[in-house]
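Chains as they are written, first to last, in full-length UniProt numbering: chain L, 1 to 368; chain R, 1 to 368. Note that the Cβ used here is the ideal one computed from N, Cα and C, for glycine as well.
There are 2 protein chains.
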Amino acid sequence: MLSEKEIDYNTEIRLTYKRSIPARRSARISDVARAAGVSVATVSRAVSAPEKLSEGTRRRVLAAIDELGYTPNTLARQLRVGSSRMILVVVPRRSNPPFFSEVLRGVDVTLVEAGYVLITGYMEGEDRDLRLIELATSGHLAGLMTTSGKLPQVNGRSILDGGLPAVALCADPGVKGMPAVLIDDEAAARSQARHLLELGHRRIFYVTGPAGNYNETARHRGIVAELTAAGLYPEALVECPGDYVFEAGHRGAEAYLALADRPSAVICSNDECAVAFMKTIRSAGLTIPGDLSLIGFDGIEFADYCEPALTTIAQPRFELGATAAKLLVEMISGVPPSVDLDAQNRSFLDVDLKVRGSTAAPPAGQRD
Amino acid sequence: MLSEKEIDYNTEIRLTYKRSIPARRSARISDVARAAGVSVATVSRAVSAPEKLSEGTRRRVLAAIDELGYTPNTLARQLRVGSSRMILVVVPRRSNPPFFSEVLRGVDVTLVEAGYVLITGYMEGEDRDLRLIELATSGHLAGLMTTSGKLPQVNGRSILDGGLPAVALCADPGVKGMPAVLIDDEAAARSQARHLLELGHRRIFYVTGPAGNYNETARHRGIVAELTAAGLYPEALVECPGDYVFEAGHRGAEAYLALADRPSAVICSNDECAVAFMKTIRSAGLTIPGDLSLIGFDGIEFADYCEPALTTIAQPRFELGATAAKLLVEMISGVPPSVDLDAQNRSFLDVDLKVRGSTAAPPAGQRD
DNA sequence: CTGAAAGCGCTAACAC
DNA sequence: GTGTTAGCGCTTTCAG
Numbered sequence: 001m002l003s004e005k006e007i008d009y010n011t012e013i014r015l016t017y018k019r020s021i022p023a024r025r026s027a028r029i030s031d032v033a034r035a036a037g038v039s040v041a042t043v044s045r046a047v048s049a050p051e052k053l054s055e056g057t058r059r060r061v062l063a064a065i066d067e068l069g070y071t072p073n074t075l076a077r078q079l080r081v082g083s084s085r086m087i088l089v090v091v092p093r094r095s096n097p098p099f100f101s102e103v104l105r106g107v108d109v110t111l112v113e114a115g116y117v118l119i120t121g122y123m124e125g126e127d128r129d130l131r132l133i134e135l136a137t138s139g140h141l142a143g144l145m146t147t148s149g150k151l152p153q154v155n156g157r158s159i160l161d162g163g164l165p166a167v168a169l170c171a172d173p174g175v176k177g178m179p180a181v182l183i184d185d186e187a188a189a190r191s192q193a194r195h196l197l198e199l200g201h202r203r204i205f206y207v208t209g210p211a212g213n214y215n216e217t218a219r220h221r222g223i224v225a226e227l228t229a230a231g232l233y234p235e236a237l238v239e240c241p242g243d244y245v246f247e248a249g250h251r252g253a254e255a256y257l258a259l260a261d262r263p264s265a266v267i268c269s270n271d272e273c274a275v276a277f278m279k280t281i282r283s284a285g286l287t288i289p290g291d292l293s294l295i296g297f298d299g300i301e302f303a304d305y306c307e308p309a310l311t312t313i314a315q316p317r318f319e320l321g322a323t324a325a326k327l328l329v330e331m332i333s334g335v336p337p338s339v340d341l342d343a344q345n346r347s348f349l350d351v352d353l354k355v356r357g358s359t360a361a362p363p364a365g366q367r368d
Numbered sequence: 001m002l003s004e005k006e007i008d009y010n011t012e013i014r015l016t017y018k019r020s021i022p023a024r025r026s027a028r029i030s031d032v033a034r035a036a037g038v039s040v041a042t043v044s045r046a047v048s049a050p051e052k053l054s055e056g057t058r059r060r061v062l063a064a065i066d067e068l069g070y071t072p073n074t075l076a077r078q079l080r081v082g083s084s085r086m087i088l089v090v091v092p093r094r095s096n097p098p099f100f101s102e103v104l105r106g107v108d109v110t111l112v113e114a115g116y117v118l119i120t121g122y123m124e125g126e127d128r129d130l131r132l133i134e135l136a137t138s139g140h141l142a143g144l145m146t147t148s149g150k151l152p153q154v155n156g157r158s159i160l161d162g163g164l165p166a167v168a169l170c171a172d173p174g175v176k177g178m179p180a181v182l183i184d185d186e187a188a189a190r191s192q193a194r195h196l197l198e199l200g201h202r203r204i205f206y207v208t209g210p211a212g213n214y215n216e217t218a219r220h221r222g223i224v225a226e227l228t229a230a231g232l233y234p235e236a237l238v239e240c241p242g243d244y245v246f247e248a249g250h251r252g253a254e255a256y257l258a259l260a261d262r263p264s265a266v267i268c269s270n271d272e273c274a275v276a277f278m279k280t281i282r283s284a285g286l287t288i289p290g291d292l293s294l295i296g297f298d299g300i301e302f303a304d305y306c307e308p309a310l311t312t313i314a315q316p317r318f319e320l321g322a323t324a325a326k327l328l329v330e331m332i333s334g335v336p337p338s339v340d341l342d343a344q345n346r347s348f349l350d351v352d353l354k355v356r357g358s359t360a361a362p363p364a365g366q367r368d
């Protein structure tokens, strides 16, 4: 272990002078071999297959390892064995932190437990995507995970070109054979609409997600399906374009308030958007659920702490991440998947419609 | 680029059978050399120093690279040159997603722009810390960043043992010579208390952060200092232990409500905690800021969307991350830091006390 | 049970 | 300008 003085030395020097002092080299396998009086092969075995060594040799080598503070250079090991233990997870930029952070926690916990290291790569624009593609083909990676319906792709090159084992998470890019772990967005959105219809609402204002987005498309389909089944489509649906962020909720609410004939129910594409919608509505003097019912999507913690608490679709965030990670590890190690997959290699996890204070029957005048 | 059939093939096979098909090997430098009719050295130059090649050769090699979809194996390169471009940022587990995700975005944007790859490692418990320490000494890393006052450390081994360039972010672990980029927590907390005193409040209820936490310690010191300066300490301060999460805010509010003689002002250790505090208080029928004033810390977006909007200390989240990343890159490349550092190698960024609806003068009966 | 030696893919002297 | 070659630190046959 470094003494405090040494730490100071290293950091201070590097901070101030131009490479005047080379980094202190850490012990290599040959150092350990020399110290223990054995060959490098023996040291290698002491680390990866200690049972192959005699009691005495093993003890001697292990002591030397400890003594020198030796850690194998994984870079070299990986180059030699031709496989790494790093996994890249691709996340769209600025994406709903309270939602994705919990999904990624599920990924992280599972992956680390299985001995992998997680690299998070944010998508945003072509430059960025190109770096990700290069990373994916650079030999560093053991596997790939993506949380977006669109894969990084720039002039003909795709992130899948490396041929890495890959799984999709929270969205299905629809690549043939690439498994996906997600919820059934369409069914979930249907249940949102059904909940509102059951309460007696007959028209819905919908602040959408970004056009073309996988989840948005599926959810939109669900809402339409439910309204259609109730014989209310298309008159009953008023759409307002949004993109999953606070600002969209705010603007959505302004659009709603400007309406001459306001629907009594509102669906926001996610909780973040719904929270902002709620705030703007209340600032305008309307009450929820007195004047209108509001429902979100995701089930982030903040939804519990609005006033009133937000009715929402709670996604199994941690479990989504954990399941996808488990599946990926199985693919990498070549064992059959323990996760149930349908014919398209998809695994759907259950959601929970959490009914809380933001939804209720419509005001008397608006019931049919 | 893979045809769709190949993608399917790869994934499907791996998913189903036990390593029956080896991964398709990607092109190596020697493949390109052969295809272009040059030596490997020339290919290497075409990638890293194209100006050293003649027009014709360069074109020929580049064409071959493109043709074969060659990406250099960074693992091999790094092993050879002895340095990597990966940076580990250590984050405490489950830590305030809306706050840290924005800080990390600042880190990520800056680092990627400088050509680095970011690895996020969560701390939690010794096992985990040991993995991080091993990662830090495995040859993979170019630098290290930590967002916690406590560094991963297990039986004598510290994450700094590898001698990597390292910078602290949002907290100062107090390692001699290790630079830190953060805000002045003490001064910020003083300004919170001062704001409340200026409004006329004379007693403060404080839901603390976790005992021993760097930020908590500094903030506590600030509150005490301000109250002391006003001649109100210690009588004026009622403390309630918390730990930065929703639940702490909820429990803090319950403790507050149970008080016989309630202070007219409340400081919560962070916004998340304050949001929960607010919710519980309102559910109990008290009004904010009518019955009590409430102030948070961090400046996350959700603070804007409470009812009323939360008065808080807005930290420059993105800038904190970006500044720390910039400094780290400079340390790695050996150039003098462009970031202003004090004698202890710290750089303090400015905060902003955002006064909003949750703070006001105390109710008439409670003024002095 | 242990050692010698080849080589993973790449870069950087050093020659020509 | 371009090629030859010696390793970076490690694992893994293959001998003994």
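Would the beta-carbon of residue i be found less than 7 Å away from any heavy atom of the ligand GDP?
i, result
"Thr287 (chain R)", "As for the ligand GDP, it is missing from this structure, which has no ligand bound."
Check this for me: beta carbons of residue i and residue j, under 8 Å apart or not?
i, j, result
"Ala187 (chain R)", "Val167 (chain R)", "no"
"Phe318 (chain L)", "Gly106 (chain L)", "yes"
"Pro362 (chain R)", "Gly252 (chain R)", "no"
"Phe297 (chain L)", "Ile313 (chain L)", "yes"
"Leu88 (chain L)", "Ala35 (chain L)", "no"
"Lys279 (chain R)", "Tyr305 (chain L)", "yes"
"Thr74 (chain L)", "Val61 (chain L)", "no"
"Ala324 (chain R)", "Leu169 (chain R)", "yes"
"Ala218 (chain R)", "Asp185 (chain R)", "yes"
"Ala193 (chain R)", "Glu226 (chain R)", "yes"
"Phe277 (chain L)", "Gly249 (chain L)", "yes"
"Ile288 (chain R)", "Ser358 (chain R)", "yes"
"Val117 (chain R)", "Met86 (chain R)", "yes"
"Ser333 (chain R)", "Val339 (chain R)", "no"
"Tyr206 (chain L)", "Val245 (chain L)", "no"
"Val40 (chain L)", "Ser30 (chain L)", "yes"
Go through its chain and collect everything with a Cβ distance to residue i's Cβ below 6 Å, but skip five positions before and after it.
i, result
"Val241 (chain R)", "The amino acid occupying residue 241 (chain R) in the given sequence is Pro; Val does not appear at that position. Cβ within range, chain order: Thr208."
"Asp350 (chain L)", "none"
"Arg203 (chain R)", "Ala236 and Pro263"
"Leu232 (chain R)", "none"
"Ile300 (chain L)", "Pro98, Phe99 and Asp271"
"Thr146 (chain R)", "Val90 and Ala168"
For residue i, is the classification buried or exposed, using 16 other Cβ atoms within 10 angstroms of its Cβ as the cut-off for buried?
i, result
"Lys176 (chain L)", "exposed"
"Leu182 (chain R)", "buried"
"Val335 (chain R)", "exposed"
"Pro263 (chain R)", "buried"
"Arg98 (chain L)", "Arg is not the amino acid found at residue 98 (chain L); the sequence shown has Pro there. Pro98 (chain L) should be labelled buried."
"Asn155 (chain R)", "exposed"
"Ala230 (chain R)", "exposed"
"Asp352 (chain L)", "exposed"
"Gly139 (chain L)", "buried"
"residue 373 (chain R)", "This structure cannot speak to residue 373 (chain R), because chain R is shown only from 1 to 368."
What does a CB cutoff of less than 7 Å around residue i pick up in its chain, not counting 5 residues either side in sequence?
i, result
"residue 373 (chain R)", "Residue 373 (chain R) is absent from the model: chain R starts at 1 and stops at 368."
"Ser148 (chain L)", "Val90, Pro92, Met123 and Ala171"
"Ala27 (chain R)", "Leu68, Gly69 and Tyr70"
"Arg58 (chain L)", "Ala46 and Pro50"
Between which residues of its own chain and residue i is the CB-CB distance below 8 Å, once the five residues before and five after are set aside?
i, result
"Lys52 (chain R)", "Arg45"
"Pro308 (chain L)", "Ile288, Pro289, Arg356, Gly357 and Ser358"
"Gly37 (chain R)", "Arg60"
Exercise. Can you give, in chain order, each stretch of the alpha helix (DSSP H) that sits fully within the region 200-248 of chain L and has at least 4 residues?
Worked result: 214-229
Exercise. What residues from the region 317-349 of chain R come within 9 Å of chain L, judged by C-beta to C-beta, listed N to C?
Worked result: Leu327, Glu330, Met331, Ile332, Ser333, Gly334, Val335, Pro336, Pro337, Leu341 and Asn345
Problem set entry | Length at least 4, wholly inside the region 282-307 of chain L: the alpha helix (DSSP H) runs in chain order | Listed in chain order, the alpha helix (DSSP H) elements of length 4 or more contained wholly in the region 282-307 of chain L amount to none.
Exercise. In the region 146-180 of chain R, which residue ranges form an unbroken beta strand (DSSP E) of at least 3 residues, counting only runs that do not cross its ends?
Worked result: Taken in chain order, the whole beta strand (DSSP E) runs of length 3 or more contained in the region 146-180 of chain R are 166-169.
Exercise. For the UniProt domain "HTH lacI-type" (27-81) of chain L, which residues have a beta carbon sitting closer than 8 Å to at least one beta carbon of chain R?
Worked result: Gly69, Thr71, Pro72, Asn73, Thr74, Leu75, Ala76, Gln78 and Leu79
For this session: Report the residues of the region 248-277 of chain L with a CB closer than 7 Å to any CB of chain R, ordered along the chain.
Result: Val275 and Ala276
Problem set entry | Ranges of the beta strand (DSSP E) found wholly within the region 56-112 of chain L, counting only runs of at least 3 | 86-92
For this session: May I ask you to list, following chain order, the residues of the region 294-315 of chain R that have a beta carbon less than 7 Å from some beta carbon of chain L?
Result: Listed by position along the chain: Glu301, Phe302, Tyr305 and Glu307.
Exercise. Between the region 205-221 of chain R and chain L, which residues of the former have a C-beta closer than 9 Å to a C-beta of the latter?
Worked result: Taking a C-beta cut-off of 9 Å against chain L, none of the residues of the region 205-221 of chain R qualify.
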